[in-house]
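Numbering (this note's numbering), first residue to last: 66 to 143.
Using N, Cα and C, we set each Cβ at its ideal position, and we do this for glycine too.
Here is the structure we will look at.
Put into structure tokens, the structure is as follows:
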């Protein structure tokens, strides 16, 4: 089990995860980060540009565990 934090950041803005969450492994952490990014993109789709945003997953010492770009979950525009 890991206790991790899922912060979201973009140009000039950061959303701090003060609560964190317990996850079983890094696969669950990645899935949680991707779900968070998708949720934020879907809620603000068309009203906000998340192209340069990322989910920073960190441990209790604030060491970065992984970085998930929002662009990986954004709808593709043709």
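When DSSP labels each residue in this structure, what does residue 89 get in the three-state scheme?
It is coil, neither helix nor strand.
Would you mind reading off the limits of the beta strand (DSSP E) that contains residue 130?
Element bounds for residue 130: 129–134.
In whole angstroms, what separates the C-alpha of residue 99 from that of residue 74?
If I take the Cα positions, the gap works out to 14 Å.
How big is the Cα-Cα spacing for residue 132 and residue 122?
One C-alpha to the other measures close to 6 Å.
Any idea if residue 109 is buried or exposed, counting beta-carbon neighbours within 10 angstroms, 16 or more meaning buried?
The residue in question, residue 109, is exposed, as its Cβ has fewer than 16 Cβ neighbours within 10 Å.
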